[in-house]
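Contents: one structure, followed by commentary.
Numbering (this note's numbering), first residue to last: 9 to 179.
Right under this line is the structure:
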């Protein structure tokens, strides 16, 4: 018997032993008694609302394995709904595609739109992030986590200022 055959026999025996091993510690499958998932709809505008809400205590305690099985079958009830936003990009005209200078102007307009959208998003979300930082501080969140969130807010503000400057300097 060569080495490859011996290795294959050992692998088959190990797999058989693993399958025959008693599985008393594995929870039974979750019965399919959970309510069907609610349909996903577009998320409402939530500017100024906190990122998280208290978890209701009326939920029965279930094991992590059961929770994952339910989430796999029915979706995660705590996951935010997916909001599909249509892309509002204006395609270049035939004239812009034909003329390099016109296409360069088209690209500049698209860049300005992107910068303006980023600035608007930061203006909407930064107050909410700062409120969450204060709420986390009041709740006793670890100082290193608070510092990370404050650094994120600071960097968002710096990027916003840089993009606003570039947007004003654009022709």
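Backbone N, C-alpha and C fix where the C-beta goes; we use that ideal spot for every residue, glycine too.
query                                                                                                            : result
Limits of the unbroken alpha helix (DSSP H) element including residue 161                                        : 151-177
Minimum C-alpha distance to residue 158 - residue among 17, 85, 137 and 26                                       : 137
Whole-number beta carbon distance between residue 171 and residue 123, since they are thought to touch under 8 Å : 5 Å
Alpha carbon of residue 10 to alpha carbon of residue 20, nearest angstrom                                       : 16 Å
For residue 99 and residue 173, the rounded distance between their alpha carbons                                 : 26 Å
Backbone CA spacing between residue 72 and residue 163 [nearest angstrom]                                        : 36 Å
Anticipated Cβ contact below 8 Å, residue 168 with residue 127, distance rounded                                 : 6 Å
Whole-angstrom distance between residue 15 and residue 75, CA atom to CA atom                                    : 39 Å
Top-ranked residue by Cα proximity to residue 117, from 26, 178 and 81                                           : 178
Alpha-carbon to alpha-carbon, residue 130 and residue 27                                                         : 54 Å
Length of the line joining the Cα atoms of residue 107 and residue 133                                           : 39 Å
Separation of residue 91 from residue 151, as counted between CA atoms                                           : 33 Å
Simplified DSSP state of residue 117, which is helix, strand or coil                                             : helix
Backbone CA spacing between residue 12 and residue 93 [nearest angstrom]                                         : 56 Å
DSSP-derived helix/strand/coil call for residue 95                                                               : coil
Integer-rounded CB distance, given that residue 125 should sit under 8 Å from residue 141                        : No, residue 141 and residue 125 are not in contact; Cβ-Cβ is about 24 Å, not under 8 Å.
Three-way DSSP call (helix, strand, coil) for residue 84 in this model                                           : coil
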